Amino acid sequence: MKKASPVFHAKYFRETFLRLKTAGIVSAAILLFMVLINALTAFGSFFSLVSGGSNTTLTLFIGNAHTYILIAGMLLTFIAFEWMNRRSSCDVYFALPMTRTQMYCSSILAVILWLAIGIAASSAVFALFGGGRINLLFFALIIISLLLAVLIVVGVTAIAASLTGIRFAGIVTALVILYVPYMLFTLFDLLVVIEANGMIPFGDTLGILTDGSYNIVAGGASILPLSPSGEGYADGWALLYNFAWGLVFLGLGLLLFNRRNAEAAGMPMTSKWVHIAVRCCIGLPPLLILAFIEALTRETLAGISVTFIGFSFITYCLYELITVKKFKKMLTALPWYGICIAVFIAFCALPAKVADAELDRDTSADNIKGYSIQAAADESTSLILPIAELAGLNFGTYVDTYVPVITDLTDSCNTYTDAYIKEVLFTSDEGIRILSDAIERNKTGNDGSIDVVSVFVRIRRETGRTIERIVSLTQQDVDRLAEIWGNDTNYMEAAARIPPMPDVQSDDEDFTEIVEFMLDELNDMPLEQRYAAVVNCLNFYSFYPAQDHAVTSVSDLKGYYDMLCYGGQCGVEIATFTIRGSDGYRSYSFSLKIKPEFLPKTAQRYMEWCNSHSSELDHQLLLISNACKGLASEAECPFMLKIGFVNENGERVDMRYTVEKLLYTYSYISYHEYGPQDGNINSAHPFSDDVMVELIERLSSSPLSTDPNSYVMVYTGTMPPAFFALSGEDMEWLLDQLKGLEVIAS
Amino acid sequence: MIEARDLCKKFSQTHALKNLSCRIPDGCVYGLVGSNGAGKSTFLRLIADVYRPSSGEVLIDGQPVSDNPAVKSRVAFVPDDIYFLPRASLDRMAKLYASVYPNFSYKRYAELVKLFCLNRTSSLAAFSKGMRRQAATLLALACSTDYVLFDETFDGLDPVVRNTVKNLLYEEVCSRNKTVIVTSHSLRELEDTCDQLALLHNGRIVFESDISNLKTAMFKIQVAFAEDFDRTKFEGIEIKSFGKKGSVASIIVKGDRDAVSARIKAMNPLLFEILPLSLEEVFVYEMDALGYSSNIVLG
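Protein chains in written order, with the working numbering: chain B, 67 to 812; chain R, 39 to 337.
Structure follows, in structure tokens:
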């Protein structure tokens, strides 16, 4: 006779699976519907290649799946164990002839199977309709990470179900276990960062406890509305860590289920102490927000304090009243509110102590062996840009809208070179001294007008121990450090690393071919030339004001200039190509602006490609002409002129004119010039419609150009740009017109 | 045989069972009676492994019940508060029991459904209280277990069905050699049904006995003498209750009927009569002796 498994009861598993049928099918169907809608909505944009550069469908898929796991996971698990909340059903289930372990494992497996079916079906739908370009390895890792989230959610819910005797208390307990620890750790770490004047990187104090990728449910869900952490799904250690927690939660659930007493049905909580803990967690959030506000404002605000403490107290009492259902019993819980106050006081006092202790560590130049520049864990545009835009800094508008993108995975901003750059140890005495001095200066509080940018560094001390700091630097420090880094051969080699061509299917083979050509051009260059090209052409998204975030490389610093003055030595690009790929378990992006000065061959190739689409040229010029004629009206006419040539002295000149129509005010050209004039000019000019119309006419009669050293590029953002080779006379006329414009702002 | 050894069950501050020990032999109908809160249902739940004992253990044929599927598969439990899966029909519930009870008999199930005239496909939620109890009873019997535990067996059943259930229980015991344990406040029902009876009070078994012994071991005598007398006249006889109206005393006596009769006759009574007691009266007098009000017990 076949011996029964001590942990699994096949027939009970089947029974539970059938019992969950309705909830399982409905929740999976909702997920499928959401994924299908999102996939089909984004389907069209896959063919256009005119993309913002982010794989939004994958983001939405992960977001939908995460929400599904959280809601359906809790729902199905609670349904599977709902009988524990009623004495009558306990009489039936606990009397069934099987061990508690068999009952628990069979129920859990039934829940997991339903969730796995939902994930598998939605993944298949996504792969069929929305994920034509996804890397299968990464997609598999995403599915694995989702399954790990399933283990955690189901395990935690099983714990909550075993600890509680009523549904409401069960749901609250599950949410508390899932979210409160991560929330507490995150807030504590943030408070330490605030107390340290932003010098200690977020996550440095509590490490993986605050890392979203290591807290796949709490961390993942919290950042998903903006962007999933691409790195999170690619970090093997994080996956193992989450897997371990999943097993711990499921194991703990088993232990508690085995110890569960049938008579606990109908009681809010089986353990008095767990009840107290959950109750306090319910009362804590308003107090923690208050601690955060006080840390930010560095003062105690009486009105706000009373409001938040009152809100916390009411929440605390309300939860107790709902669970125990008796006012008198609720009153007995009041003294325990003191725990909430104690935690609040700890959150007000401890972070400053921790920050002081951390900043007291010796970072004098004599004790520093070297330092490396670190990439922050979650440098995501979608996280930063909304914040920047809220602050009125509309950086996003400068990104060229015609960006052919070979999309591979997610919207990760870690550039390909970040992983290599952060391994470079800088040991020059001068650089160490600059950093050490800056750290000392930062400790006393930063003056934003002096420190212009932050650098995220890992300092290796003579003792061999490392510490991480975000160091705010002055303009002078930045200039000098950039020079020091730029002269370091190890750094140059790391920064000038060129990624391999990712193995992806592109909808437009022309662009794939141009990108391959670009990579070949770079690889054929000697180190110094390649380094100069990468540093000057690397496109990235670090539009961070000083102290809000750290730069991670010379390219960042260049970009910082780009952001600050929109000019300098960066040159004018005629296109931007982005590669997204995977390097083992790491996802990366490598986005390069095609600047004729640094990538002449690729520029020429791209111009040739544009010229091959000249059939659309007349239509485009007509559009621009008509639009310009309408400039006197309220019609908007944003287009761009880019002019590049070598002047009679052999000097290269690059200019960019952005023509915009401001509603109800006036038309203007913002003008940026790069070249020997050392122009960092950002001006606005009243714009003459007649001049523009004549320009279009002159362009119409000019031949197309494939010479990166002499072109006028016209670009509206809706079609490939057109490159014209203006005759000497026409070019002279154009430059005269442009120079003649009156500068009204600069 | 079911054996309880020093069984204790504590709920928060309440001791539901205190060092309860007993042996329930196979092949009998064993009745559990007791006041409200005496621990009858708790005892059944401990046998069914619904509750875990605070201390002590329950054994079936020497094997512990706790978390032991082999033993639990020999026990079916019909609780006082009947539960069925939401929106389930009788057939759906049969499927559930069939999946976990290895000896579940669909043949027996079909016979019992026919006997009780229940609709096996309609929702159990639509059943009346009595019908739900019939459904639970027939499902438990269809599990073909050696032990069937009924808590408040006859609650909600009409007289006809009640008789049917009684006959079924007899049949289970006689022809299938099952052991049936029933609890009930209806002592008359147990009087007709049980072979053995145990009286629980405050978490302990006060006494347990065969029904026939129980009824013969306690009896009522009415006696009168020419001279005045009181309780002391009967020293050496176990008196559970003593009352006197005029010259006639009514005495509830526990002991050997013939020996007591011979002894009183030797006292030359003017009047002497022995009257049998109903089970209910036995129960009431036993509880009175324990200081428990009969009004509450029979309430």
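Every residue, glycine too, gets a C-beta built ideally from N, C-alpha and C. Given the structure is predicted, the values throughout are model-derived calculations rather than measurements.
Can the beta-carbon of residue i be found closer than 8 Å to that of residue j?
i	j	result
B:ARG153	B:SER228	no
B:THR271	B:VAL258	yes
R:TYR323	R:SER288	no
R:SER79	R:ASP118	yes
B:VAL92	B:ASN130	no
B:SER371	B:THR429	no
B:ILE178	B:VAL216	yes
B:ARG499	B:PHE583	no
B:ILE237	B:MET335	no
Have a look at residue i and residue j and give me their C-alpha separation to the nearest angstrom.
i	j	result
B:PHE393	B:ARG345	15 Å
B:THR540	B:GLU579	43 Å
R:HIS53	R:THR175	30 Å
B:GLU148	B:ARG233	8 Å
B:VAL340	B:TYR382	15 Å
B:ALA457	B:LYS708	Residue placement at B:ALA457 is poorly supported in this model, since its pLDDT is 29, which falls under 50; the coordinates still yield a value, given next. Near 30 Å, if we compare the C-alpha coordinates of B:LYS708 and B:ALA457.
B:ALA331	B:TRP180	26 Å
B:LEU214	B:PHE205	14 Å
B:ASP484	B:ALA561	8 Å
B:CYS479	B:ARG535	Note that B:CYS479 scores 44 on pLDDT, short of 50, meaning its location in the model is unreliable and no value can be drawn from it.
B:HIS679	B:LEU126	34 Å
B:ILE525	B:ALA431	10 Å
B:PHE374	B:ILE243	23 Å
R:ASP44	R:PHE81	12 Å
R:SER127	B:THR143	24 Å
B:ASN263	B:THR165	57 Å
R:PHE188	R:SER166	19 Å
Any heavy atom of the ligand NAP within a distance shorter than 7 Å of the CB on residue i?
i	result
B:GLU365	Because no ligand of any kind appears in the structure shown, any question about the ligand NAP cannot be addressed here.
Helix or strand or just coil, what does DSSP make of residue i?
i	result
B:TYR632	Since pLDDT at B:TYR632 reaches only 36, below the 50 mark, its modelled position is unreliable, and the value read off the structure follows with that caveat. Coil.
B:ASN433	helix
R:GLN51	coil
B:ASP802	helix
B:PHE643	strand
B:ARG364	coil
R:PRO91	coil
B:ASP720	strand
R:TYR68	strand
B:THR82	helix
R:VAL244	strand
B:MET673	helix
R:ALA264	coil
B:TYR777	strand
B:ILE282	coil
B:ARG326	coil
B:HIS341	helix
R:ASN157	coil
B:VAL73	coil
Nearest by alpha-carbon distance to residue i: which of the options is it?
i	options	result
B:ILE550	B:THR493, B:PRO566 and B:LEU354	B:THR493
R:LEU252	R:LYS292, R:GLN260 and R:TYR185	R:LYS292
B:GLY497	B:CYS414, B:MET164, B:TYR482 and B:GLN542	B:GLN542
R:SER213	R:ARG200, R:ARG171 and R:SER182	R:SER182
R:ARG112	R:ASN201, R:ALA86, R:ALA304 and R:LEU308	R:ALA86
R:VAL103	R:MET39, R:GLY75 and R:TYR144	R:MET39
B:GLY404	B:LEU353, B:PRO334, B:LEU588 and B:ARG166	B:LEU353
B:ASN281	B:THR772, B:LEU322 and B:ILE218	B:ILE218
B:LEU207	B:THR223, B:SER189, B:PHE195 and B:ARG764	B:SER189
Could you name the residues that DSSP lists as bridge partners for residue i?
i	result
R:MET169	DSSP, once it has assigned bridges, lists no residue as partnering R:MET169.
R:PRO102	R:LEU97
R:GLY281	R:SER288
R:VAL218	R:VAL67 and R:VAL186
B:SER438	B:ARG524
B:VAL92	DSSP lists no partner for B:VAL92.
R:VAL113	R:TYR185
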